[in-house]
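> This structure is in structure tokens; I'll ask about it shortly.
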Amino acid sequence: MAVNLKGRHFLTLMDFSPLEIRYLLDLAHDLKAKKRAGIKTNMLEGKNIVLLFEKTSTRTRCAFEVGAKDEGAGVTFLDSKSSQMGKKETIADTAKVLGRMFDGIEYRGFDQAVVEELAANAGVPVWNGLTDVDHSTQILADMLTMEEHIAKPLNKCKVVFVGDVRNNMAYAWMYGCAKMGTTFVAYGPKELCEQVDADVLKRANAVAAETGAKIIVSSDAADLKGADVIYTDIWASMGEEDQIPERVRLLTPFKVTTELMAKTENPDCLFMHCLPAFHNFDTTMAKQQMELGYDIREVTEEVFSSKNSVVFDEAENRMHTIKAVMVATIG
Ligand code: CP
Ligand code: NVA
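So the number in my numbering is just where the residue sits in the sequence shown, counting from 1, plus 5.
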């Protein structure tokens with residue numbers, strides 16, 4: 006049966022079948038090739054989208070803006086300071102208003118319930134641009150990047166997420182790998198492994214049982230062996246900055262180093278990261294934290310800049326995959 010995603014929300018990969026995810030990845034490969042060839046497709050001509058950001062962003066915002074403009078759509082950006090949402094107007098009322106004016110709504114914020122409430126009331130597709138518990142558009146970009154660099158299908162690959170195994174990226178990876186039949190290891194300290202949401206794991210495992218994926222939460226370095234991808238993320242996500250001292254204590258042994266990469270026993274193992282990344286002290290935050298005695302680098306400069314690192318391909322692919330989501334749902 007042909008895949009048709011018109012009118013669908015994009016809140017989590019758990020709402021999509023493996024075939025639908027395959028369709029989005031194929032569309033992204035195609036849109037990327039067309040952009041490279043200078044072929045204009047104008048798939049969103051006459052459409053308008055709005056971007057709601059309650060957290061900061063570089064890649065996600067730019068990916069939506071450039072993706073929409075490439076395809077001929079108009080874009081409005083609202084941050085939490087410049088809109089009434091949540092302060093003087095409910096989420097539901099905001100959704101109803103925006104749904105009267107726009108063809109699609111992107112939301113980045115804290116609680117997954119907010120993006121769900123927007124979706125329930127907007128009457129137009131709502132896209133999740135990151136919440137505290139999910140970052141599904143990032144996984145599409147990462148899978149596109151894997152397909153460009155690894156000569157094996159996703160269901161023959163092993164992805165190891167190293168670090169804060171209970172964050173939005175780790176959960177989004179669990180869902181994505183479960184859907185695509187990929188082996189996934191969340192590798193981190195025992196204390197954080199114990200905090201992985203049991204319901205997230207249960208739902209991912211239920212899908213994995215159907216697709217042949219394996220979802221493993223582990224503190225054992227032996228599980229790095231055979232990885233095709235080592236993936237990491239910052240140790241304290243947006244909104245969790247007060248956790249930095251504790252996370253540095255727990256996660257310093259899980260910093261991605263050349264020695265950790267060698268434990269995969271795969272010289273071609275990719276290094277991946279959603280970005281932004283702390284890999285040196287050239288940012289105000291890394292510098293300030295170091296002055297307080299906390300080295301917050303989750304990856305060394307050596308690994309970040311190595312030939313195995315594909316982090317900027319991932320960043321570019323945010324645009325091609327987000328464009329695919331918009332084209333598929335409102336195009
Ligand atoms: N990876 C990612 O979502 O980056 P931004 O926070 O810059 O959007
Ligand atoms: N876990 C990170 C991802 C940033 C793209 C955060 O939520 O801050």
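Cβ coordinates follow ideal geometry from the N, Cα and C atoms, glycine included.
Considering only the alpha carbon of each residue, which of Ala38, Tyr176 and Phe286 lies closest to Val190?
As a first step, residue 190 is located in the sequence shown; it is residue number 185 there, counting from the start. Checking every option, the nearest Cα to that of Val190 belongs to Tyr176.
> Whole-angstrom Cβ separation of Ile220 and Val261, contact assumed at under 8 Å?
Looking up residue 220 in the sequence shown gives position 215. Looking up residue 261 in the sequence shown gives position 256. Actually they are not in contact, since the Cβ atoms of Ile220 and Val261 sit about 21 Å apart, beyond 8 Å.
> The beta strand (DSSP E) that contains Met277, what's its start and end?
Locating residue 277 in the sequence shown gives position 272, where the first residue counts as 1. Here the beta strand (DSSP E) through Met277 covers Leu275 to His278.
> Quick check: does the Cβ of Leu280 come within less than 8 Å of any heavy atom belonging to ligand 3?
Annotation note on ligand 3: not contained in the displayed structure, which lists ligand 1 and ligand 2 as its ligands.
> Which whole-angstrom value describes the C-beta separation of Ala160 and Gly231, a residue pair presumed to lie in contact below a C-beta threshold of 8 Å?
Translated into positions along the sequence shown, residue 160 becomes position 155. Translated into positions along the sequence shown, residue 231 becomes position 226. Rather than Ala, the amino acid found at residue 160 in this sequence is Asn. About 15 Å separates the two Cβ atoms, so there is no contact after all.
> When DSSP labels each residue in this structure, what does Asp2 get in the three-state scheme?
Here the chain comprises residues numbered 6 to 336, so residue 2 is not present and cannot be evaluated.
> Going by alpha carbons, who is nearest to Pro158 out of Thr188, Met179, Lys40 and Leu256?
Counted from its first residue, the sequence shown places residue 158 at position 153. When only C-alpha atoms are compared, the closest one is Thr188.
> What are the uninterrupted segments assigned as alpha helix (DSSP H) that are 4 or more residues long and contained completely in the segment 98 to 140, given in chain order?
Correct list: 117 to 127.
> What first and last residue would you give for the alpha helix (DSSP H) that runs through Thr269?
Counting from one through the sequence shown, the residue named residue 269 turns up at place 264. Segment: none, Thr269 is in no alpha helix (DSSP H) and carries neither H nor E.
> Quick one: residues in its chain with C-beta nearer than 6 Å to the C-beta of Val80, no 5 flanking neighbours on either side, listed in chain order?
Counting from 1 along the sequence shown, the entry for residue 80 is found at position 75. Excluding positions up to five away in sequence, the list reads Ile54, Glu70 and Ala73.
> Could you compute how far the alpha carbon of Glu215 sits from the alpha carbon of Ala183?
Taking the sequence shown and counting its residues from 1, one reaches residue 215 at position 210. Taking the sequence shown and counting its residues from 1, one reaches residue 183 at position 178. Approximately 9 Å, taken between the alpha carbons.
> Pull the bridge partners of Lys219 from the DSSP assignment, please.
As a position in the sequence shown, residue 219 is number 214, starting the count at 1. Paired residues: Thr188.
> Could you tell me the alpha carbon to alpha carbon distance between Lys93 and Val129, rounded to whole angstroms?
For the purposes of this step, residue 93 is taken as the residue at position 88 of the sequence shown. For the purposes of this step, residue 129 is taken as the residue at position 124 of the sequence shown. Roughly 22 Å between the two C-alpha positions.
> Less than 9 Å between the beta carbons of Met179 and Pro23, yes or no?
Taking the sequence shown and counting its residues from 1, the one referred to as residue 179 is at position 174. Taking the sequence shown and counting its residues from 1, the one referred to as residue 23 is at position 18. Cβ distance not < 9 Å, so Met179 and Pro23 don't count as in contact.
> Beta-carbon within less than 6 Å of Leu135's beta-carbon, same chain only, minus the 5 sequence neighbours each way: which residues are those?
Translated into positions along the sequence shown, residue 135 becomes position 130. Taken in chain order, the residues that qualify are Arg113.
> Tell me whether Arg254 is buried or exposed, calling it buried when 16 or more other Cβ atoms sit within 10 Å of its Cβ.
Residue mapping note: residue 254 aligns to position 249 of the sequence shown, counting from 1. Exposed, since its Cβ has fewer than 16 Cβ neighbours within 10 Å.
> Out of Val315, Ile239, Lys40 and Ile301, which one is the CA nearest neighbour of Asp273?
Counting from one through the sequence shown, the residue named residue 273 turns up at place 268. The shortest C-alpha separation from Asp273 is found at Val315.
> Sorted by chain position, which residues of the same chain lie with C-beta nearer than 6 Å to Arg171's C-beta, five sequence neighbours on each side aside?
Mapped onto the sequence shown, residue 171 falls at position 166. So the qualifying residues of the chain are Leu197, Gln200 and Val201.
> Whole angstroms are fine: how far does the CA of Asn47 sit from the CA of Lys37?
Counting from one through the sequence shown, the residue named residue 37 turns up at place 32. Counting from one through the sequence shown, the residue named residue 47 turns up at place 42. Lys37 and Asn47: Cα-Cα distance of roughly 14 Å.
> For Phe166, count the other beta carbons within 10 Å of its own beta carbon; 16 or more makes it buried, fewer makes it exposed. Which is it?
Mapped onto the sequence shown, residue 166 falls at position 161. Answer is buried; the Cβ neighbour count reaches 16.
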